[in-house]
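*Asks:*
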Amino acid sequence: MEAGEVGADGRMRIATVPRWKRARYGVLLSLSLMYFIAYIDRTNISVAGPFISKELGLDKEQLGFIFSVFAIPYTGMQIVGGWLADRFGPRLILFLLCVIWSVSTVLTGMVGGAISLLLVRLLVGVGEGGAFPAATRAMTFWFPPQERGLAQGVTHSFARLGGAVAPPAVVGITVQFGWRAAFFVLGALSAAWALWWLISFRDTPREKPSVSPEELDEIGIPATKSALEKTPWRAMISCMWLVTFVDFCYGWSLWVFLTWLPTYLHEARGFDVTKMALFTSLPLAAGVVGDSLGGIISDRILKATGNLRLARCSLLVFGLTGALAFLVPAVRTQDALLAVYGLTASFFCLELTNAVLWSLPIDIAGRYAGTAGGMMNTGFGLAGAISPAVFGILIHRTGSYVGPFAITALLLAAGIIGALFINPNRKVDDRSFTAVTR
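Taking our numbering, the leading residue of the sequence shown gets 8, the next gets one more, and so forth.
Following this line, the structure appears as C-alpha cells:
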C-alpha cells in the first residue's frame, strides 16, 4: 500500500514515516509550548516584583507572601487536576485550566492593590496547578517507556526556557510600556495556546487519524481510554510518598530560583536592573540544558542496562548532590560574578533530576499517571507555598540571605538521602489489581 492511501478500516496508512515526523513528536511540541508559556506566566511576577512593590507600596514580607499564595491553590489542584485528566482526558482538562490562568494573567495587569493582586495570583495557581499532571497523563498514552524521560526532559526544558526568557521579556515590555502591559501580552499568548490545544490534540493516538499503525506499534501502549476504575489511593500513597518528599526538597530549591533570584542579584549582589535580568536568565538557561540532558541520560541508562531503578535514581542522587555542592560556595563567595556562575552550575545540576521525577509517576502508576503525577507534584506545590514566604520573612527580619540559603542546602541533603530509597519497580497496578477489579 502506498503512503497516503486509506485502508479498509478507514484509517490513513503510512508506509514509512521519518522518525522526526511521528505524530507523537507533534504532541511533544504542543506540550513543550504549554510548559514554556506556563513558566513565563509563573515567573513574570517575580521579575516584575520590584516594579509592582514600588507602585503598590509592598514590603519584602508582603511580596514574599504574594509570591507564596500562588502555590496554595497550585498545590490543591495537583491531585485534582491529575484525577480529572485520568477521568475526562487531558484534552478538555488542559484547555480549561489554560483558559483560567490566561484570564487571570490578564487580570494581573489590572490590579489596584495588594488584595486584588493576591486574588488573581490565587486564580493563576488554580489554572496552572493541574496542568503538569494532566500533561503527564497525556504523555502516558502517547510515548513508549523508553522515550518518557526524553519527553519529560524536553517539555521541562521548555519550562526552564520560559523562565529564562521571562526576565528580559518582562523587563523589556515594562521599560517600554509599563509592567501591566507585560501581563496583558502573556495572557493573550496563553489563550492562543489553549485554542490550539483544543483543535489539534486527541487523548489517545488511535483517535488521531494521521497516526499510522506503524507508530501505534512503536508506542506500545493501549490506544484506548482507560476504564473508569476506582482510584487505588492506598497503593498510590504507598508507592509515591517518598517521590513526593524528594520532589518537595527539589521544589524548595527551584522556588528559590524562580521567585527570589532577581531580588537577590539586585540587592545582595548589586547588579542593576539590566544585569539583573541577564544574570537571572543565565541559571534558568542552564536549566534548559539540564532538563533535557537528565531525561536523555536516564533513558540511555535504561536502554543499556534494563535497570529502571538505576536509570532513575542515579540521576536523582547525582543531580541533587551537584546542586548542593555548587550552591554553598556560590552563596559564600564575595565575588558577585562567581556567585552567578556557582548558582548557574547549581541550577543545572538541580534540573538534571526534573525529568526523572516526572517520569517516575508514569513508571510507577501507568494509567493512573495523572493522579500520581499530581500526588508527586504536591510536594513541589507545598514547597512553593512555604519557600518564598520563609525567604521573605527571614530577609525582612534579618537583612541577610544566609539563613534562607542554609535551609535550602539542608533540604537538598535530605533529598539526596530520600532518593537512595526510591524504587520505581514497585508498581501501583501490581499492588492494587485485586482491589481495583473486585
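For glycine and all other residues, C-beta sits at the position ideal for the given N, C-alpha and C. Please read all numbers here as calculations on a predicted model, not as lab measurements.
Would you report the Cα separation of Gly83 and Phe286, rounded to the nearest angstrom?
*Replies:* Rounded to the nearest angstrom, the two C-alpha atoms are 33 Å apart.
*Asks:* Where does the unbroken alpha helix (DSSP H) through Thr340 begin, and where does it stop?
*Replies:* First-last for Thr340: undefined, no H or E at that position.
*Asks:* In angstroms with no decimal places, state the Cα-to-Cα distance between Ser111 and Ala141.
*Replies:* 20 Å
*Asks:* I need the boundaries of the alpha helix (DSSP H) containing Ala275, first residue and last residue.
*Replies:* No alpha helix (DSSP H) contains Ala275, which DSSP labels as neither H nor E.
*Asks:* Is the region 323 to 343 touching the region 93 to 104 in the sense that three or more CB pairs, one from each, lie closer than 8 Å?
*Replies:* With the cut-off at 8 Å, the region 93 to 104 and the region 323 to 343 do not touch.
*Asks:* Keeping to the same chain, check which residues put their C-beta closer than 7 Å to that of Phe58; ignore five residues upstream and five downstream.
*Replies:* Cβ within range, chain order: Thr181, Trp186.
*Asks:* Our contact map puts Arg433 next to Cys246 with C-beta atoms below 8 Å; I'd like the distance itself, whole angstroms only.
*Replies:* 5 Å
*Asks:* Measuring CA to CA, which of Leu334, Phe139, Val324, Asp210 is closest to Thr385?
*Replies:* Phe139
*Asks:* Could you pull out every unbroken alpha helix (DSSP H) segment of at least 4 residues lying fully inside the region 341 to 416, listed in chain order?
*Replies:* 343 to 358, 361 to 372, 376 to 405
*Asks:* Does the region 292 to 312 come close enough to the region 158 to 167 to have 3 or more Cβ pairs within less than 8 Å?
*Replies:* Touching, yes.
*Asks:* So the candidates are Leu130, Gly132, Phe72, Gly156; which of them puts its Cα closest to the Cα of Leu35?
*Replies:* Selection Leu130, Gly132, Phe72, Gly156 evaluated against Leu35 yields Gly156 as nearest (Cα-Cα).
*Asks:* Would you decide whether Trp248 is buried or exposed? Buried here means 16 or more other CB atoms lie within 10 Å of its CB.
*Replies:* exposed
*Asks:* So, helix, strand or coil for Leu427, using DSSP?
*Replies:* coil
*Asks:* Is the region 209 to 217 in contact with the region 378 to 393, if contact means three or more CB pairs nearer than 8 Å?
*Replies:* no
*Asks:* Since Thr266 is in the alpha helix (DSSP H), which residue starts that stretch and which ends it?
*Replies:* In the DSSP annotation of this structure, Thr266 is not part of any alpha helix (DSSP H), being labelled neither H nor E.
*Asks:* Please report the straight-line C-alpha distance between Ala275 and Tyr408, rounded to a whole angstrom.
*Replies:* 8 Å
*Asks:* From Leu38 to Leu291, what does the alpha carbon distance come to, in whole angstroms?
*Replies:* Within the model, the alpha-carbon separation for Leu38 versus Leu291 is close to 19 Å.
*Asks:* On a CA-only basis, which of Thr115, Ile79, Glu154, Thr238 is nearest Arg307? Give me that one, please.
*Replies:* Glu154
*Asks:* Indicate whether the contact test is met: 3 or more Cβ pairs, each with one atom in the region 353 to 370 and one in the region 322 to 332, closer than 8 Å.
*Replies:* Touching, yes, given that three or more Cβ pairs across the two stretches are closer than 8 Å.
*Asks:* Start and end of the alpha helix (DSSP H) containing Val161?
*Replies:* 155 to 184
*Asks:* Considering only the alpha carbon of each residue, which of Leu168, Arg144, Leu367, Arg319 lies closest to Ala45?
*Replies:* Leu168
*Asks:* Going by C-alpha distance, which of Leu317, Cys320, Ser353 is nearest Leu331?
*Replies:* Ser353
*Asks:* Whose C-beta lies closer than 8 Å to the C-beta of Gly33 among residues of the same chain, with five residues either side of it excluded?
*Replies:* Ser207
*Asks:* Across the region 116 to 135 and the region 257 to 276, are there enough close Cβ pairs to call them in contact, namely three or more that are closer than 8 Å?
*Replies:* no
*Asks:* What number of angstroms, rounded off, separates the C-alpha of Pro80 from the C-alpha of Ser123?
*Replies:* 16 Å
*Asks:* Between the beta-carbon of Gly71 and the beta-carbon of Ile303, is there less than 8 Å?
*Replies:* no
*Asks:* Tell me where the alpha helix (DSSP H) around Phe252 begins and ends.
*Replies:* 240 to 262
*Asks:* Taking C-beta to C-beta, are Lys67 and His403 nearer than 8 Å?
*Replies:* yes
*Asks:* Any idea if Phe428 is buried or exposed, counting beta-carbon neighbours within 10 angstroms, 16 or more meaning buried?
*Replies:* exposed
*Asks:* Candidates Val435, Thr147, Gly194, Gly410: which alpha carbon is nearest Lys371's?
*Replies:* For clarity, residue 371 is Ile in the given sequence; the question names Lys instead. The candidate whose alpha carbon is nearest that of Ile371 is Val435.
*Asks:* Could you give the first and the last residue of the continuous alpha helix (DSSP H) run that contains Gly120?
*Replies:* Where Gly120 is concerned, there is no enclosing alpha helix (DSSP H), given that its DSSP letter is neither H nor E.
*Asks:* How close, in whole Å, do the beta carbons of Leu63 and Ala121 come, if the pair is a contact with beta carbons under 8 Å?
*Replies:* Their Cβ separation, rounded to whole angstroms, is 6 Å, which keeps Leu63 and Ala121 in contact under 8 Å.
*Asks:* So for Asp298, helix, strand or coil by DSSP?
*Replies:* helix
*Asks:* Tell me where the alpha helix (DSSP H) around Asn432 begins and ends.
*Replies:* Counting along the chain, Asn432 falls outside any alpha helix (DSSP H), and DSSP gives it neither H nor E.
*Asks:* Let me know if Ala234 comes out buried or exposed under the rule of 16 or more other beta-carbons within 10 Å of its beta-carbon.
*Replies:* Residue confidence for Ala234 is low, a pLDDT of 49 falling below 50, so the modelled location carries little weight; the figure read from the coordinates is stated next. So Ala234 counts as exposed.
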